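First residue of the sequence shown? That's 6 in the working numbering, and the numbers climb one at a time after it.
For glycine and all other residues, C-beta sits at the position ideal for the given N, C-alpha and C.
Fair warning: this is a prediction, and the values are worked out from it, not measured in the lab.
Taking it in order: structure first as structure tokens, then the write-up.
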Amino acid sequence: MHRQPNLPARTDPALKKPLNVLYTLLRSLKPKCILLVVLGSMIQAVGVCNIHAYSGVTEGGTLGLELLLFHWLGLSPAISSIVLNGICYAIGWRVLGGSFLAYSGIAVGCYALTYALLEPFAPLWPALTASPLACALLGAVFVGMGAGISMLGGGAPGGDDALAMSLNKHFGWGVETVYLVSDLLVLALSLSYIPLQKIAYSLLTVVLSGQIVGWVQRLKKKEKTEDQAA
Numbered sequence: 006m007h008r009q010p011n012l013p014a015r016t017d018p019a020l021k022k023p024l025n026v027l028y029t030l031l032r033s034l035k036p037k038c039i040l041l042v043v044l045g046s047m048i049q050a051v052g053v054c055n056i057h058a059y060s061g062v063t064e065g066g067t068l069g070l071e072l073l074l075f076h077w078l079g080l081s082p083a084i085s086s087i088v089l090n091g092i093c094y095a096i097g098w099r100v101l102g103g104s105f106l107a108y109s110g111i112a113v114g115c116y117a118l119t120y121a122l123l124e125p126f127a128p129l130w131p132a133l134t135a136s137p138l139a140c141a142l143l144g145a146v147f148v149g150m151g152a153g154i155s156m157l158g159g160g161a162p163g164g165d166d167a168l169a170m171s172l173n174k175h176f177g178w179g180v181e182t183v184y185l186v187s188d189l190l191v192l193a194l195s196l197s198y199i200p201l202q203k204i205a206y207s208l209l210t211v212v213l214s215g216q217i218v219g220w221v222q223r224l225k226k227k228e229k230t231e232d233q234a235a
């Protein structure tokens with residue numbers, strides 16, 4: 006007489022609760038917000054891939070800190086980026102909730118995919134590499150608009166954005182102020198191995214991109230205020 010094999014339960018009780026939470030979270034995502042996150046991430050990837058990657062202008066925030074740690078400690082950005090961005094996203098999850106992580110996951114994935122698709126091709130504006138000033142200005146527009154639009158949708162393409170959104174929510178600090186303070190600190194430390202002239206262009210691009218992000222956020226708040234008053 007053959008015994009019938011034990012059939013596994015349809016859903017493991019230990020997994021049921023996490024799956025329900027995930028299902029509820031995914032259902033709460035709004036198509037408009039997803040569209041904003043995707044659009045913003047694509048804009049940012051276009052700017053970084055076609056301008057920053059060829060200009061030699063460094064960055065502030067977590068990216069600049071990764072380069073600093075690599076130069077002085079030999080710590081690979083492959084490791085430091087996970088640690089630094091992980092800390093920022095953990096803070097964001099704590100302050101902004103699970104939907105923030107979901108939107109940010111979409112933002113990070115879309116940014117990486119767009120960058121990977123563009124990377125094999127030549128830059129769209131090769132002549133810009135001869136003008137660090139033009140690279141700093143145009144790069145700031147792409148990064149600032151891209152990050153700002155993604156943040157309107159509730160997602161953060163990078164750890165810097167997650168930290169700025171968290172501090173804005175918890176303390177009411179302007180996102181442009183958070184960007185400015187963190188970028189200035191990292192750029193000041195980067196003077197230990199980067200020439201002053203390149204730091205000057207980097208300072209210009211990070212300050213301008215931070216101001217653009219702040220402008221996008223204020224524009225959204227203004228629209229909300231007008232809608233409430235109507």
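Query: Which complete beta strand (DSSP E) runs does the stretch 78-132 hold, if anything under 3 residues is left out?; Result: none
Query: Out of Gly179, Asn173 and Gly69, which one is the CA nearest neighbour of leucine 101?; Result: Asn173
Query: Count the CB pairs spanning the stretch 31-48 and the stretch 113-122 that are closer than 8 Å, and state whether there are at least three.; Result: yes
Query: When you compare only the Cα positions, how much space is there between tryptophan 77 and glutamate 71?; Result: 10 Å
Query: Could you compute how far the alpha carbon of alanine 161 sits from the alpha carbon of leucine 168?; Result: 9 Å
Query: With 16 other CB atoms within 10 Å as the buried threshold, where does serine 109 fall?; Result: buried
Query: Where are the alpha helix (DSSP H) runs, 4 residues long or more, that stay fully inside the stretch 143-177, in chain order?; Result: 164-176
Query: Three-state secondary structure (DSSP) at isoleucine 48?; Result: helix
Query: Can you tell me whether isoleucine 87 is buried or exposed, with buried defined as 16 or more other CB within 10 angstroms of its CB?; Result: exposed
Query: Figure out for me which residue from Ser60, Met156, Tyr198 and Gln222 has the closest Cα to the Cα of leucine 142.; Result: Ser60
Query: Does leucine 196 come out as helix, strand or coil in the three-state DSSP assignment?; Result: coil
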